[in-house]
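Contents: one structure, followed by commentary.
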Amino acid sequence: MFSYKPVDRQRIRKYYAIDVAFISNHEYSFGSTGYGWRLENVVALELMRRMNPESDQLYYLKKHKAYEVDFVVVRSGRIDELIQVSYDFSNPSQKLYKREIGGLVKGSESVKCDNLTLIIMEGTPEVKTVEGKRIKIVKASDWLLGCE
Numbered sequence: 263m264f265s266y267k268p269v270d271r272q273r274i275r276k277y278y279a280i281d282v283a284f285i286s287n288h289e290y291s292f293g294s295t296g297y298g299w300r301l302e303n304v305v306a307l308e309l310m311r312r313m314n315p316e317s318d319q320l321y322y323l324k325k326h327k328a329y330e331v332d333f334v335v336v337r338s339g340r341i342d343e344l345i346q347v348s349y350d351f352s353n354p355s356q357k358l359y360k361r362e363i364g365g366l367v368k369g370s371e372s373v374k375c376d377n378l379t380l381i382i383m384e385g386t387p388e389v390k391t392v393e394g395k396r397i398k399i400v401k402a403s404d405w406l407l408g409c410e
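For the sequence shown, the residue numbers in our numbering are 263 to 410.
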């Protein structure tokens with residue numbers, strides 16, 4: 263979990279599988295929520311692959327029950343990007359929109375980062391401006407291939 267306090271960063275960690283087949287019996291692996299969880303896992307693995315292990319770190323950001331950001335990318339000691347992952351953003355409900363877009367906006371304000379990305383599998387890639395924050399919505403396939 264991202265925090266400016268080192269002791270807080272040690273408390274709660276998220277774990278990702280090197281291969282989602284290893285944990286296909288995970289409680290979220292079936293049904294529509296399973297796709298989102300698997301896509302988040304794939305994005306985590308790709309972020310780790312792209313990182314420089316000597317200078318980059320990967321965190322998530324959670325403020326109680328107010329909001330969560332899936333990935334906080336820190337490069338050379340500086341917060342470089344906030345990333346949310348959502349499988350189906352083709353017709354987002356108010357709840358989904360608030361969770362994904364609202365989480366990025368609030369996270370951006372909290373850590374002072376304006377490089378915001380929402381990675382989706384289903385939906386339309388676009389650039390949105392919400393509360394003065396520019397959010398890139400990109401297809402997972404394009405992001406994974408580096409075409410975003």
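For glycine and all other residues, C-beta sits at the position ideal for the given N, C-alpha and C.
| Check | Outcome |
| --- | --- |
| Return the bridge partner residues of PHE333 from the DSSP annotation. | ILE345 |
| Could you give the distance in angstroms between the alpha-carbon of THR386 and the alpha-carbon of ALA279? | 28 Å |
| How big is the Cα-Cα spacing for LYS390 and GLU302? | 21 Å |
| Check each candidate in VAL400, GLY369, TRP405, MET383 and name the one with the smallest Cα separation from HIS326. | GLY369 |
| Assuming the contact rule is C-beta atoms closer than 8 Å, VAL334 and TYR322 should be a hit. Round their C-beta distance to whole Å, please. | 6 Å |
| Measure the C-alpha to C-alpha separation of GLY296 and LYS360 and round it to an integer number of angstroms. | 20 Å |
| What does the alpha-carbon distance come out to for the pair ASP281 and THR379? | 24 Å |
| Name the two residues that bound the continuous beta strand (DSSP E) containing ASP281. | From DSSP, ASP281 is part of no beta strand (DSSP E); its letter is neither H nor E. |
| In whole angstroms, give me the CA-to-CA distance for GLY408 and ALA328. | 32 Å |
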